[in-house]
Amino acid sequence: GEDVEQSLFLSVREGDSSVINCTYTDSSSTYLYWYKQEPGAGLQLLTYIFSNMDMKQDQRLTVLLNKKDKHLSLRIADTQTGDSAIYFCAESIRTGGFKTIFGAGTRLFVKA
Amino acid sequence: KAGVTQTPRYLIKTRGQQVTLSCSPISGHRSVSWYQQTPGQGLQFLFEYFSETQRNKGNFPGRFSGRQFSNSRSEMNVSTLELGDSALYLCASSLGTDNSNQPQHFGDGTRLSIL
Numbered sequence: 014g015e016d017v018e019q020s021l022f023l024s025v026r027e028g029d030s031s032v033i034n035c036t037y038t039d040s041s042s043t044y045l046y047w048y049k050q051e052p053g054a055g056l057q058l059l060t061y062i063f064s065n066m067d068m069k070q071d072q073r074l075t076v077l078l079n080k081k082d083k084h085l086s087l088r089i090a091d092t093q094t095g096d097s098a099i100y101f102c103a104e105s106i107r108t109g110g111f112k113t114i115f116g117a118g119t120r121l122f123v124k125a
Numbered sequence: 751k752a753g754v755t756q757t758p759r760y761l762i763k764t765r766g767q768q769v770t771l772s773c774s775p776i777s778g779h780r781s782v783s784w785y786q787q788t789p790g791q792g793l794q795f796l797f798e799y800f801s802e803t804q805r806n807k808g809n810f811p812g813r814f815s816g817r818q819f820s821n822s823r824s825e826m827n828v829s830t831l832e833l834g835d836s837a838l839y840l841c842a843s844s845l846g847t848d849n850s851n852q853p854q855h856f857g858d859g860t861r862l863s864i865l
C-alpha cells in the first residue's frame with residue numbers, strides 16, 4: 014500500500030537540534046523528500062534523498078534513511094525561530110509515470 | 751528562473767458554481783501535478799499531466815478535471831462546487847521524464863472558499 018506517516022507536533026528550544034521522523038510503506042520508492050510549508054505559502058523543497066543512499070547532509074539539514082525499516086528522518090541543527098513551520102515527508106513511487114505520496118505533516122514549534 | 755505561478759491566489763465562490771484555476775510551471779518542466787490541501791485530509795493528489803496527457807489520477811469525483819496545454823501550462827476545473835471543496839489547491843511542476851524521478855516544485859496555491 015501507499016502510506017506515509019509522521020508525528021503531528023514537535024516542540025524544541027531555539028539552538029537545539031530538531032529531529033522529525035517519518036515512516037513509509039511502499040518499497041518501490043525512488044526518491045524521498047522533505048518539504049517545508051510556512052503559513053499562507055506553498056510547499057518549499059528542502060532536501061531529498063535517493064533510495065539507495067543512507068545519509069545526505071546539506072548545511073544545517075541531515076537526512077537519514079533506513080531502507081530496511083522504511084524510516085526517514087530530518088535533523089535540523091541549531092534550530093531557529095524561522096524554522097517554525099510544517100514539515101512534510103514524501104515518497105515518490107513509480108506508477109507508469111510517478112506519483113508523490115505525502116505524510117500529514119509535522120508542525121514544528123521553536124521556542125525562543 | 752521564475753517558480754511555479756498559480757492564479758488567482760484567492761477565490762470566493764458559491765455552491766453550484768464552477769471554477770477554473772491556472773498553473774504556470776517552471777520553464778522546461780513538462781509535468782504538472784495538482785493537490786488539494788485541507789486541515790482534515792492533508793495533501794491529497796488530484797492528477798498529474800505530462801505532455802498534455804493525464805498520466806496519473808487520484809480518487810476525486812469527476813467534478814474535478816484538468817488539462818495541460820502545449821506550453822505545459824495547466825488548468826484545473828471544478829464544477830458544481832460543494833462546501834467541502836473549500837481548500838488550498840496546490841500545483842507542482844517537475845521535469846517529469848520517465849527515467850528520472852525529479853523532485854516537484856510547488857506554487858503558493860489558490861485558496862478557494864465556497865459560501
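These protein sequences, in sequence, are chains A and B.
When you line the first sequence up against the numbering used here, it's residues 14 to 125, in that order.
When you line the second sequence up against the numbering used here, it's residues 751 to 865, in that order.
By construction, the Cβ of each residue, glycine as well, lies at the ideal position given by its N, Cα and C atoms.
Along chain B, which residues have their Cβ under 7 Å away from the Cβ of residue i?
| i | result |
| --- | --- |
| leucine 58 (chain A) | Pro853 and His855 |
| alanine 117 (chain A) | Gly792 |
| tyrosine 46 (chain A) | Pro853 |
Output the distance between the C-alpha atoms of residue i and residue j, rounded to the nearest integer angstrom.
| i | j | result |
| --- | --- | --- |
| serine 774 (chain B) | cysteine 35 (chain A) | 31 Å |
| leucine 21 (chain A) | glycine 790 (chain B) | 13 Å |
| glycine 808 (chain B) | phenylalanine 795 (chain B) | 5 Å |
| glutamate 27 (chain A) | glutamate 802 (chain B) | 47 Å |
| serine 64 (chain A) | leucine 45 (chain A) | 7 Å |
| serine 815 (chain B) | glycine 859 (chain B) | 17 Å |
| leucine 793 (chain B) | leucine 771 (chain B) | 17 Å |
| leucine 5 (chain A) | glycine 766 (chain B) | Since the displayed chain A opens at 14 and closes at 125, residue 5 (chain A) lies outside it and no answer follows. |
| histidine 779 (chain B) | glycine 846 (chain B) | 7 Å |
| valine 25 (chain A) | glycine 857 (chain B) | 29 Å |
| glutamate 833 (chain B) | proline 811 (chain B) | Contrary to the premise, residue 833 (chain B) reads as leucine rather than glutamate in this sequence. Leucine 833 (chain B) and proline 811 (chain B): Cα-Cα distance of roughly 14 Å. |
| arginine 817 (chain B) | glutamine 854 (chain B) | 18 Å |
| aspartate 16 (chain A) | glycine 118 (chain A) | 13 Å |
| tyrosine 760 (chain B) | serine 40 (chain A) | 38 Å |
| arginine 73 (chain A) | leucine 58 (chain A) | 15 Å |
Opposite residue i in the DSSP bridges: which residues?
| i | result |
| --- | --- |
| threonine 770 (chain B) | B:Asn827 |
| histidine 84 (chain A) | A:Thr36 and A:Asn79 |
| histidine 855 (chain B) | B:Ser843 |
| phenylalanine 819 (chain B) | Beta-bridge pairing links phenylalanine 819 (chain B) to no other residue. |
| glutamate 128 (chain A) | In this structure chain A extends from 14 to 125, so residue 128 (chain A) is not present and cannot be described. |
| isoleucine 99 (chain A) | A:Gln50 and A:Arg120 |
| valine 754 (chain B) | DSSP lists no partner for valine 754 (chain B). |
Which word fits residue i, buried or exposed, when buried means at least 16 other C-beta atoms lie within 10 angstroms of its C-beta?
| i | result |
| --- | --- |
| threonine 915 (chain B) | Residue 915 (chain B) cannot be examined here, being either before or after the span of chain B that is shown, 751 to 865. |
| glutamate 798 (chain B) | buried |
| glycine 18 (chain A) | The amino acid occupying residue 18 (chain A) in the given sequence is glutamate; glycine does not appear at that position. So glutamate 18 (chain A) ends up on the exposed side. |
| leucine 840 (chain B) | buried |
| aspartate 91 (chain A) | exposed |
| tyrosine 61 (chain A) | buried |
| glutamine 50 (chain A) | buried |
| serine 843 (chain B) | buried |
| isoleucine 864 (chain B) | buried |
| alanine 752 (chain B) | exposed |
| lysine 112 (chain A) | buried |
| phenylalanine 819 (chain B) | exposed |
| glutamine 768 (chain B) | exposed |
| arginine 805 (chain B) | buried |
| glutamine 93 (chain A) | exposed |
| serine 42 (chain A) | buried |
| isoleucine 762 (chain B) | exposed |
| glycine 55 (chain A) | buried |
Along chain B, in chain order, which residues have C-beta atoms closer than 9 Å to that of residue i?
| i | result |
| --- | --- |
| phenylalanine 101 (chain A) | Gly792 and Leu793 |
| tyrosine 61 (chain A) | Pro853 |
Just the chain C side, please: which residues come within less than 8 Å of residue i by C-beta, in chain order?
| i | result |
| --- | --- |
| leucine 840 (chain B) | The chain labelled as chain C is not found among the protein chains of the depicted structure, namely A and B. |
So which residues on chain A does residue i lean against when the C-beta distance must stay under 8 Å?
| i | result |
| --- | --- |
| glutamate 832 (chain B) | The contacting residues do not exist; glutamate 832 (chain B) stays about 23 Å from chain A at best. |
Just the chain A side, please: which residues come within less than 7 Å of residue i by C-beta, in chain order?
| i | result |
| --- | --- |
| aspartate 858 (chain B) | Ala54 and Gly55 |
Name, please, each residue of chain A whose Cβ falls closer than 9 Å to the Cβ of residue i.
| i | result |
| --- | --- |
| glutamate 825 (chain B) | The premise fails here: glutamate 825 (chain B) is roughly 17 Å from chain A at the closest Cβ pair, so nothing lies under 9 Å. |
For the stretch 84-97 of chain A against the stretch 24-41 of chain A, do three or more pairs of beta-carbon atoms, one drawn from each stretch, fall closer than 8 Å, so that the two count as touching? yes
For this session: Would you check if the stretch 54-69 of chain A and the stretch 769-783 of chain B touch, i.e. whether three or more CB-CB distances between them fall below 8 Å?
Result: Judged by Cβ distances under 8 Å, the stretch 769-783 of chain B makes no contact with the stretch 54-69 of chain A, as fewer than three pairs qualify.
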